[in-house]
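Position one of the sequence shown corresponds to residue 4 (our numbering), numbered consecutively onward.
Note that the Cβ used here is the ideal one computed from N, Cα and C, for glycine as well.
These notes are about the structure you will find just below.
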Amino acid sequence: MLSESRIITRDRAGIIWSGITWCSLLLVVPAGLAGMMLQTLLPANLGYPQLDTSEAVVPRWLSLTVLGCELAAFAVPAIVCTVCNHKAKKLGHPVRGAVMLAWGVFGFVTVVGLLLWFFG
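This is the structure we're talking about:
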């Protein structure tokens with residue numbers, strides 16, 4: 004038979020899911036790397052100069068594609084964190100701080116990206 008220590012209770016499952024919610028914030032690191040790669044590699048692969056050069060004549064559709072892909076890359080960690088928090092909240096261990104941090108990072112990246120796209 005199973006021993007008492009191997010049984011996962013509802014409380015223990017909630018603690019586990021709250022930990023998974025905080026760990027899902029680490030997805031911001033690959034999202035940042037993906038965003039940086041999109042900004043430099045996508046235009047170069049299509050034969051255009053990098054986006055940050057002054058003589059860059061990059062088409063508008065390409066700039067919009069890069070911006071959209073970058074925002075999508077940063078939306079993934081926020082969505083995953085929200086879903087994990089939903090499960091943790093059902094089990095009695097909500098983690099509002101992690102969700103607010105994930106959506107805050109997404110909001111910051113969105114504002115900076117749009118400001119650079121419109122005024123940069």
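Around the CB of Asn88, 16 or more other CB atoms lie within 10 Å, so the residue is classed as buried. Cβ neighbours of Leu94 within its own chain (closer than 7 Å, five residues either side excluded): Arg13, Ala16, Gly17 and Trp20. Ala76 sits away from Ala105, with the two beta carbons spaced by 8 Å or more. The C-alpha of Pro46 lies about 7 Å from the C-alpha of Leu65.
Here DSSP, grouped into helix, strand and coil, assigns Ile19 to helix. For the options Phe109, Val60 and Ala101, the alpha carbon positioned closest to that of Gly22 is the one of Ala101. When the beta-carbon positions are compared, Ala78 and Phe109 come within less than 8 Å of each other. Under the three-state reduction of DSSP output, Thr43 falls in the helix class.
Taking a C-beta distance under 8 Å as the contact criterion, Leu67 and Gly116 do not qualify as a contact pair.
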